[in-house]
Amino acid sequence: MEVEEPALATTESTVVDPEVRAHVYSLVTALGGFNGEDADKYVLGDDALACLRDIKRWLKLYDEKYNRMDVARCLGEANLVNGDLLPILSTFANSTKQTKYMSRIALACLEILVPLTWPLEMQGELTADNFKHIPYLQHSHVAYKRGILSHASTGYLRTIIRIGLPSMATPRSERATRDEGILKLMLFFLRNIALITPNTRLAAEGDEEETSRSATINAFQEQDVFALLLTMCSNVGDDFNLQDVALLEILFHLVRGVDVEKLFMNNTQRTAKRTDELDDLLRKESSLRREYAKNAPTRHGRFGTMIWVKRDDAKYSTVSGQSVLKDDQTTFQKMDESKKWNKPQFRRKVQDLTMYNDFSTPVHLNGAASENLRKFVEEFLDSGFNPLFTHVRKAIEREADRVVDINSRQFFYTVSWFLQAERARRALQREKRAQSEKPGKEIEPDSFGLVAGVLDQETFVFLNRAMQYAVDSKDWQDLIAEMRCFTQILLTVQDMVQSPLEEDQEIAENIQNRIFYEETTHDRVIAIVRGYTDQGFGYLNACTELTHVFLRMLERYSKENVDMQVRSRRRARRKQKETEGIVEGENDEEHGSEDEDVMEAERMSKERSFDFRRFAAKFCNQKCVDTFVHFTKHYRELNTEQLKRAHRYFYRIAFKQEMSVLLFRLDIINLFYRMIKGPGALDSSKPIFKDWEELVRQIIRRLTKKLEQRPALFVELLFSKINATTYYLEYGHERQTLPTIRRPPAELEIDPKQANTIEEKLSIMVPALVLDGDADLVKWVSDVLGSAVEERDTWEEQERALRAAGAESARIPNPMISVKPRDETCQSAMFSNAKLRLLMTLVKFERLGVEDIAGASWVIPSTATAQYLREMKSFIDKYLAKAEKGNLGRDPRELIRRKYGPKKNTPQSEAQDGIHFGSDSEGEDEVPDGFLFPANPRAKVNALSALKQKRKKRKQNEDDESEPLDEATLEERRRAREENARARIAKIKSDLYVHASDEETDDDADEKFFRLEEQRRKAQAERIKQAMLHGVPPEALDGIGKKGQGKRQNKRQRRVSQTDGADEDEDIIMGGTGDLSPESPQDDMPRDELDDLLDFDDDLAFSRNREDLLGPARDDEAAHTSEPEVEGGAQDEEDEDAPVAAAASRRRMRAGFVIDSDSE
14 MEVEEPALAT TESTVVDPEV RAHVYSLVTA LGGFNGEDAD KYVLGDDALA CLRDIKRWLK
74 LYDEKYNRMD VARCLGEANL VNGDLLPILS TFANSTKQTK YMSRIALACL EILVPLTWPL
134 EMQGELTADN FKHIPYLQHS HVAYKRGILS HASTGYLRTI IRIGLPSMAT PRSERATRDE
194 GILKLMLFFL RNIALITPNT RLAAEGDEEE TSRSATINAF QEQDVFALLL TMCSNVGDDF
254 NLQDVALLEI LFHLVRGVDV EKLFMNNTQR TAKRTDELDD LLRKESSLRR EYAKNAPTRH
314 GRFGTMIWVK RDDAKYSTVS GQSVLKDDQT TFQKMDESKK WNKPQFRRKV QDLTMYNDFS
374 TPVHLNGAAS ENLRKFVEEF LDSGFNPLFT HVRKAIEREA DRVVDINSRQ FFYTVSWFLQ
434 AERARRALQR EKRAQSEKPG KEIEPDSFGL VAGVLDQETF VFLNRAMQYA VDSKDWQDLI
494 AEMRCFTQIL LTVQDMVQSP LEEDQEIAEN IQNRIFYEET THDRVIAIVR GYTDQGFGYL
554 NACTELTHVF LRMLERYSKE NVDMQVRSRR RARRKQKETE GIVEGENDEE HGSEDEDVME
614 AERMSKERSF DFRRFAAKFC NQKCVDTFVH FTKHYRELNT EQLKRAHRYF YRIAFKQEMS
674 VLLFRLDIIN LFYRMIKGPG ALDSSKPIFK DWEELVRQII RRLTKKLEQR PALFVELLFS
734 KINATTYYLE YGHERQTLPT IRRPPAELEI DPKQANTIEE KLSIMVPALV LDGDADLVKW
794 VSDVLGSAVE ERDTWEEQER ALRAAGAESA RIPNPMISVK PRDETCQSAM FSNAKLRLLM
854 TLVKFERLGV EDIAGASWVI PSTATAQYLR EMKSFIDKYL AKAEKGNLGR DPRELIRRKY
914 GPKKNTPQSE AQDGIHFGSD SEGEDEVPDG FLFPANPRAK VNALSALKQK RKKRKQNEDD
974 ESEPLDEATL EERRRAREEN ARARIAKIKS DLYVHASDEE TDDDADEKFF RLEEQRRKAQ
1034 AERIKQAMLH GVPPEALDGI GKKGQGKRQN KRQRRVSQTD GADEDEDIIM GGTGDLSPES
1094 PQDDMPRDEL DDLLDFDDDL AFSRNREDLL GPARDDEAAH TSEPEVEGGA QDEEDEDAPV
1154 AAAASRRRMR AGFVIDSDSE
């Protein structure tokens, strides 16, 4: 007897564990059912509530915990939703008396409906079991949605809302966690119903219209779901704080893919639009038929045809079909179609495969659904737009627990969609006002404050940050949503500029200023356009639209604001901070933070004027052109607006920017030609066709001219153009660029207080280089010195041998030894390493040439002997070995400082030399009497300076003969000189500090001043008259030494008079109080006596016998050599031996007047 083999297990038993299936089926059976007496009435089982809770546990503890879908599939096969849960909800809705038990039953049904309708996420770790269940569960979801929406009489959606109403009515402050959970379940269920759509890859069951977007929108309108959404959206942040993200998801799945332009059309316009679309499709079909009819086979052409083409390399290409006999173009096209190219496949990044988040696929709505959605959108824009999106943005920014990654994409797309809807609504209102025949009363236009929640600075910052993050992480779907949002914001701002309300215009001006002020925004737009590779048509459409709108608005704004400024940012490395006085082993945390600061890159920003032409030139590169070429290749599917967008870009490239060379490539020219001439040309009836036709004609015309001018373009037609090629083809020569000249580093020196000898300096220099990690450079210097010692020793031996032989005339010249770098790194350090250059200078290396440039030659001069070089090498080796051991103590780098050039000496009195009068910087206040004004500038004195030098030498000789003074006396004299100099300079007020306010005096003082001046002028005129009548002044008649009636010198006359260079040896030079030497006895005189010393007689200048009068003065001058120097005048050097004119009396001499005049 043969043993029968067991039958193969059924497919169902292999997909789901039989034990799991048995448990789930038993729970579904015990839940309840329809009895025989009343087949339409559902009867609950005895433990219906416990069965519902057990089913919930199975879903949570089995499917969710183990990442399986077995329980969900079993419940779908058992028809739990349509056979049990929906009848239970219907019983709950139709019952007149609501009991607590039935409310619990309804809530338990909702708790099961939410996970059963949860979207299937095809991401993360998917097992083979998941792939088996997903297609079936997708069918089950569509069946659940059909059952919920098809029973309009029951209103399951309204029943779900009824379950959540008690929790909504509870104030937020009194709302418990259970109430928040119920509201979350209600919104998640509505979200699930909105997003469930039939899978186009699977066979549809039943009527697709029952589960379409139109059916969902109509059900939401009929069952008061839209009213619920409007209520909750308008109170987000007040009564509903945790439901914002769920509301966002519901709105996203309602509006994604909906054409805003069609939504805001009336029935007549919508019908006309559909008629136009149908007409376009019929026209395309007829065009395809005409193309096919040209080469269609006839009943006579039934014989096969094959031709072959012999190519240059003796190979043959075969083409079959009678159509190839028509003309050459058809033959070549047939050959091209027969070619196969295995295009390399790029390894794409794994994209987010979350279902139901595609917003690029268009969705068709019927008339009723369009009307219902349009009413909801208008009401939402009026009441709920600002509260919802402001609250969601803040939740995303602070990364709340309820926010997931996909919510950012949904936020930006929903914002862009509703902004476009607001613009379409305003356009429709303007059109209605324009078509209205009754003028009526003027209706005040609406403000853009209804959408102001996404036009603030916080939203712009959030958008820019999200766009930059998406670009960096290459998350293209998020970037597409963000680009669409940015584009709609720009278009909304453009409409605000044209608003009749002045407030909207001011806000739009401010928004444009903030957007266009940041240069990083400009650079990001350029990077997005240039970064296209294979991201798909959605990316192409979004980035080209953003570029078109951004360029157009920026051009208009820059023309209106000629002095527009942008903030450009550049990366800059922080210079290393040298710490002073820190011993190793201390402040380790500070050292670590400083090391981090050294490597940290900070943002350095500066403002600069904006040039739009320069910015537009950044779009004139091959990558941007390739992006728009890829977009234009879809010209058969593009609408008029998209074709216009591409046309404007190519027009800007070719004619506005004069960069048509970028378009001279065979594939681009072929694309333009096919768009106009075919095959598959643009529809000539479209209004954009003429613009394209003219553009292509002009581009090809320029191409033919450029081919005549630049024959090299015949080869370059095959390739993309780099910048150098573009410049050459445009101008006929290569771009001339000047090499950048590197500046040598700042010259260093060792603090002379710390080191005086060469050995001490090398003991500092060598360890400093070792601490910087340049020990190899020190070894290289030592090796160079070693080779130089050998070479110099050889020369010296030859020199001694020649001298011993007596050949003095045949002396070998001492050559310079070239310093050769070890490698390129060493050669670069010889120019850029300031410490190495200082070390080379210390050991007597010299640089050849006047200019300090990179690559300059260094040599060891002939003056350096072998013994000297040997000592330098020994010093370097000694301190290098010591530095490598690490016992250095104080950091030697602290003893190296920057070397500054000598200060330019200004002509000042000798008493001020070596005296420090304080600094203007904060914290240094060494002057006890406060701030000192800088001394007045003085004219250069040649003859008097020489005389001063003679007197100084004479005085030094006298001092040498006398007994030397002790230190205390010298210190006391030095202190007295400094005090005298301080007192004198404190009296000086420079013209740098004389302002217009100094002339503000009272009227009485001015009147007194002018009265005295008038008296002086009259007295002077009388004296001149008497002098001209008598030949000598009246005072001279009474005696030379008589003090008198002369006019006393005022403050203005005491100032130093700077004379013209041509007459400086002839004019009268007057010295002021600042010309008195601090060593003179006048510094200790009283003020009255000093004023008497400054008195002078004007009559000396007019006396005829002044030579006789001046004789004693000259003799007196020769006798007194220790008198103060005469400053303030300038005489020629050849007159330095001439006697200095002075008054006859000692008092006139000290006043410092040179009585040499051209009055003779």
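Each residue of the sequence shown is one higher than the one before, starting from 14 at the first, in our numbering. Glycine included, C-beta positions come from ideal geometry on N, C-alpha and C.
Bridge partners of Q578 according to DSSP: S622.
With the rule of 3 Cβ pairs closer than 8 Å, the region 491-509 counts as touching the region 425-440.
Of the residues R661, F677 and V238, the one whose Cα lies closest to the Cα of L731 is F677. Boundaries for W354: no beta strand (DSSP E) harbours it, and the DSSP string shows neither H nor E there. I147 and P128 have their C-alpha atoms roughly 14 Å apart.
Between the alpha carbons of V791 and P765 lies a gap of roughly 22 Å. Taking the C-beta atoms as reference points, R580 is found no nearer than 8 Å to T472. Taking 8 Å as the cut-off, the beta carbon of Y169 is found no closer than this to the beta carbon of L255. Beyond the five residues adjoining it in sequence on each side, L751 comes within less than 8 Å, by CB distance, of no other residue in the same chain. Setting aside the 5 residues that flank it on each side, L241 is surrounded in the same chain by I174, each with a C-beta closer than 6 Å to its C-beta; the list follows chain order. In terms of Cβ geometry, V542 and T640 form a close pair [threshold 8 Å].
Separation of E837 and W793 (C-alpha to C-alpha, rounded to the nearest whole angstrom) is 13 Å. Residues I830, I873 and L882 of the same chain have their beta carbon placed closer than 7 Å to that of A801, with the five preceding and five following residues left out of the count. Taking all protein chains shown into account, G89 has 16 or more neighbouring C-beta atoms within 10 Å of its C-beta and is therefore buried.
A distance below 7 Å between beta-carbons, with the five flanking residues on each side excluded, links V376 to the following residues of its chain, in chain order: R226, G270 and V271. It is roughly 16 Å from the alpha-carbon of D696 to the alpha-carbon of L708. By the CB criterion at 8 Å, I209 and H154 fall inside the cutoff. Between A259 and R204, the CB-CB gap stays under 8 Å.
Within the region 186-225, the complete alpha helix (DSSP H) segments of 4 residues or longer fall at 190-208, listed in chain order. By the Cβ test, the region 233-247 is in contact with the region 393-407, since at least three Cβ pairs between them sit closer than 8 Å. Looking at the DSSP output, I830 shares a beta bridge with I873. Cα atoms of W354 and S300: separation of roughly 29 Å, rounded to the nearest angstrom.
Looking only at A818, F389 and R422, the smallest Cα-Cα distance to S373 is reached by R422. Residues of the same chain with a CB within less than 8 Å of the CB of A759, apart from the 5 flanking positions on each side, are A847, R911 and K912 in chain order. If you draw a straight line from the Cα of D60 to the Cα of D414, it comes to about 36 Å. Residue nearest to N107 within the set E124, C64, F858 and Y55 is Y55 (criterion: CA-CA distance). Pairing Q1039 with D1017, the inter-Cα distance amounts to about 34 Å.
L492 and A483 have their C-alpha atoms spaced approximately 6 Å apart. Two segments are said to touch when three or more pairs of C-beta atoms, one from each, lie closer than 8 Å; by this definition the region 774-791 does not touch the region 809-818.
DSSP places T344 in the helix class (H, G or I) of the three-state scheme. S373 sits in coil when the DSSP states are folded into three classes, being neither helix nor strand. When secondary structure is reduced to three states using DSSP, L57 falls in the strand class.
A629 is not a Cβ neighbour of L720, given a cutoff of 8 Å. Assignment of V484 by DSSP, reduced to helix, strand and coil, places it in the helix class. Closest in C-alpha terms to L798, from the list A877, K703, T224 and R443, comes A877. Of the residues R649, R1030, T645 and F702, the one whose Cα lies closest to the Cα of I682 is T645.
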